[in-house]
Amino acid sequence: MNEDFINHARLAIKAGRRCAFATVVESTVKGTPRKAGAKMIVFDDGSTHGTIGGGRNEKDVIARCLEAITQNETRLMTYDYFGRKGESVCGGQIRV
Numbered sequence: 385m386n387e388d389f390i391n392h393a394r395l396a397i398k399a400g401r402r403c404a405f406a407t408v409v410e411s412t413v414k415g416t417p418r419k420a421g422a423k424m425i426v427f428d429d430g431s432t433h434g435t436i437g438g439g440r441n442e443k444d445v446i447a448r449c450l451e452a453i454t455q456n457e458t459r460l461m462t463y464d465y466f467g468r469k470g471e472s473v474c475g476g477q478i479r480v
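Position in the sequence shown (from 1) plus 384 gives the number in this note's numbering.
Rendered as structure tokens:
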């Protein structure tokens, strides 16, 4: 984890804020928007630092991170990037 992420988390915690780290732990094919190791911090107010790929999947990750913060739990989620009919997507799957 790079120094920038650690500093953002440290400052948030020092200010009394809670946060969750979302990390892509697996990426199945080349087409996914981010590869394994991509990370994002989700703060208790819904703001973020970094990205795990954007779009509706990232929006869901943010919502689940907020739940994890309030419930003090870890999560492992799987997301597909195969799209629905008519959508232009990268393809593949990630685990966060």
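Note that beta-carbon positions come from the ideal geometry of N, C-alpha and C, so glycine has one too.
When you compare only the Cα positions, how much space is there between residue i and residue j?
i      : j      : result
Arg448 : Arg394 : 21 Å
Arg418 : Val408 : 8 Å
Gly470 : Val445 : Any reading at Gly470 is ruled out, since the residue's pLDDT is 48, under 50, leaving its predicted position unreliable.
Ile397 : Cys403 : 8 Å
Asn391 : Val426 : 14 Å
Leu450 : Glu442 : 12 Å
Ala399 : Asp464 : 36 Å
Glu387 : Arg401 : 19 Å
Ala422 : Thr462 : 14 Å
Glu410 : Gly430 : 24 Å
Considering only DSSP beta bridges, list what residue i is partnered with.
i      : result
Thr407 : Lys423
Asp428 : Bridge partners of Asp428: none, in fact.
Arg440 : Beta-bridge pairing links Arg440 to no other residue.
Arg394 : According to DSSP, Arg394 bridges with nothing at all.
Can you give the beta carbon distance from residue i to residue j, rounded, assuming they're within the 8 Å contact cut?
i      : j      : result
Leu460 : Arg479 : 6 Å
Gly438 : Met424 : So it is not a contact: roughly 10 Å between Cβ atoms.
Gly476 : Thr432 : Not confirmed; about 22 Å, so no contact.
Ala406 : Ile436 : 6 Å
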